[in-house]
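Let me begin by presenting the structure, written as C-alpha cells, before commenting on it.
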Amino acid sequence: MSRPPTFAPPPCARARVLATERGDFAVLDAVPRTPARATALLLPGYTGSKEDFVALLEPLTGAGYRVVAVDGRGQFESKGPDRQEGYAQGELARDVLAQAAALGEGPGELHLLGHSLGGQIARAAVLLDASPFRSLTLMSSGPAEVVAAQRDKVKMLSDALSVLSMDEVWQAMQAMDPPQDADTGDGADMRRRWLAHNPAQLIATGAQLAAEPDRVDELAAVGLPFHVLSGERDDVWPVELFDAMARRLGARRTRVAGAEHSPNTARPQETAKALAAFWDGLPDA
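The sequence shown: position 231 = 325 (the numbering used here), numbered continuously.
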C-alpha cells in the first residue's frame, strides 16, 4: 500500500466534504494562489486514500492547478455500503462522474488521474461518459488484471477479511511486513486509515483487480489526451505493459526514475513536474 509522507494536508489544501447526487465524499481540495489554470480530480488505489496525493498538492498548485483528491466510497473517510454489490466497477465509475459534476467545471475541462485501482475506475468512468474530462492520466495502472503474485495476495487478503476483523487482519499484515517496512513512524495513521476502510470495498475491488479485462482499445477510441505514468519498476504490472499500453493509446509516457508502484509518494516533485508538463502542453479545450 502507498505510504504518504504525512496525513496532514499542506497549507494550500483543506479537508472537506464534496456533496454529489450519489452521496458525500471526503476530499482534499488544494487551490493555487492565483486563478487556477484547470482542475484535476485524483483517484487513489487499492487500500489507499486521498492522502496518497498529499505530497503532490503543493507542487501542482504551485504550477497553477486546483487539485481535488478523493476517498471513493468505502475508502477511509468516505462512507460506503456493507454489501460487495455496492462496489461494482460501474457504481464506482458513476461516483466519479458525480464527483466531476459536483466540482462544477465545464464540459471537457477536468483532468482525471487514477492511481493503480483508481486508474481502472477512472478508465471505466471515461468509457461511460468522457464529456467532463480534458485528459486522463493512468498512474501505475495497467491494461488488465494484476500479475499472478498480486492476484494471490489479493485472494489471501480477501479470504482473511471474510473471517477476521479489520484489526485482526491489520495485526497479521504487520507481523508479515519486513522490519524496514513495518517501522516507518507512520503506523498510527496507517492503522487508522486501514480500520476506516469498509472490508466489502476491499473484497469487491480486489476481485476486480484480479479479473479486469483489457479495455485499452475501447479507451483509445474515446480520443482523449492520455498520459501513462509509472515508476521505473513495478511489482503489480510489469513496466513493459505500461509501455505497450501507452503505444496503443497514443499516450504521453513518463517513467519516474527512482520510483516503483507509487511515484506520487516516492518521487512527488518529479511526478508533479511530469503531470504539470502534460497538462500544460494540451491545447485549450
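Where is the CB? At the ideal position from N, CA and C, for every residue including glycine.
Problem set entry | Pairwise C-alpha distance: Val-316 and Leu-221 | Distance between the alpha carbons of Leu-221 and Val-316 is about 7 Å.
Problem set entry | Beta bridge counterpart(s) of Gly-325 as assigned by DSSP | Per the DSSP secondary-structure output, Gly-325 pairs in a beta bridge with Val-350.
Exercise. Just the Cα atoms here: how many angstroms apart are Ala-276 and Phe-147?
Worked result: With a pLDDT of only 46 at Ala-276, under the threshold of 50, the placement of this residue in the model should not be trusted, and no figure is reported.
For this session: Can you tell me which of Pro-153, Gly-168, Thr-128 and Glu-115 puts its alpha carbon nearest to the alpha carbon of Pro-138?
Result: Here the closest residue by C-alpha is Gly-168.
Exercise. To the nearest angstrom, how far is it from the Cα of Gly-184 to the Cα of Trp-373?
Worked result: Going from the Cα of Gly-184 to the Cα of Trp-373 covers about 27 Å.
Problem set entry | Whole-number beta carbon distance between Leu-296 and Thr-141, since they are thought to touch under 8 Å | Rounded, the Cβ-Cβ distance is 7 Å, consistent with contact.
Problem set entry | Straight-line gap, Ala-254 to Val-263 (C-alpha atoms, nearest Å) | Here the alpha carbons of Val-263 and Ala-254 stand approximately 7 Å from one another.
Exercise. How would you write the range of the beta strand (DSSP E) that Phe-170 sits in, first residue to last?
Worked result: No beta strand (DSSP E) holds Phe-170; DSSP gives it neither H nor E.
Exercise. How is the alpha helix (DSSP H) around Asp-253 delimited, first residue to last?
Worked result: Looking at the DSSP string, the run of the alpha helix (DSSP H) that includes Asp-253 is 242-257.
For this session: Kindly indicate the opening and closing residues of the beta strand (DSSP E) around Asp-283.
Result: No beta strand (DSSP E) contains Asp-283, which is instead part of the alpha helix (DSSP H) from 281-290.
For this session: Taking only the alpha-carbon atoms, compute the straight-line gap between Thr-278 and Arg-286 and give it to the nearest angstrom.
Result: Since pLDDT at Thr-278 reaches only 49, below the 50 mark, its modelled position is unreliable, and no value is offered.
For this session: With a 10 Å radius around its C-beta and 16 neighbouring C-beta atoms as the bar for buried, classify Ser-259 as buried or exposed.
Result: Per the 10 Å Cβ criterion, exposed.
Problem set entry | Within 7 Å, strictly: CB atoms of His-321 and Thr-231 | Their beta carbons are under 7 Å apart, which means His-321 touches Thr-231 by this criterion.
Problem set entry | Distance CB(Pro-129)-CB(Thr-155) smaller than 7 Å | No. Outside cutoff.
Exercise. Cβ of Thr-114 within 7 Å of Cβ of Leu-211?
Worked result: It is not a contact, given that the beta carbons lie outside the stated cut-off.
Exercise. DSSP beta-bridge partners for Phe-119?
Worked result: Leu-112, per the DSSP bridge assignment.
Exercise. What's the C-alpha gap between Arg-349 and Val-248?
Worked result: Taking the straight line joining both Cα atoms gives about 26 Å.
Exercise. Between which two residues does the beta strand (DSSP E) harbouring Thr-133 extend?
Worked result: Element bounds for Thr-133: 132-137.
Problem set entry | Distance cut-off 6 Å: Phe-227 Cβ against heavy atoms of the ligand NAD | This structure lacks the ligand NAD, and indeed carries no ligand of any kind.
Problem set entry | Identity of the residue in Asp-311, His-205 and Gly-325 nearest Thr-359 by Cα | If we check each option's Cα against that of Thr-359, Gly-325 comes out closest.
Exercise. Beta strand (DSSP E) containing Arg-228: first to last residue?
Worked result: Its beta strand (DSSP E) spans residues 227-233.
Problem set entry | Cβ-Cβ separation, Leu-191 to Pro-226 (assumed contact under 8 Å), whole Å | Between Leu-191 and Pro-226 the Cβ distance is about 7 Å, and since that is below 8 Å, they are a contact.
Problem set entry | Beta-bridge partners of Gly-313, as assigned by DSSP | One detail in the question is off: residue 313 reads as Leu in this sequence, not Gly. The partner list for Leu-313 (beta bridge, DSSP) is empty, contrary to what the question assumes.
Problem set entry | Buried or exposed (CB count within 10 angstroms, at least 16 for buried), Arg-361 | Arg-361 should be labelled buried.
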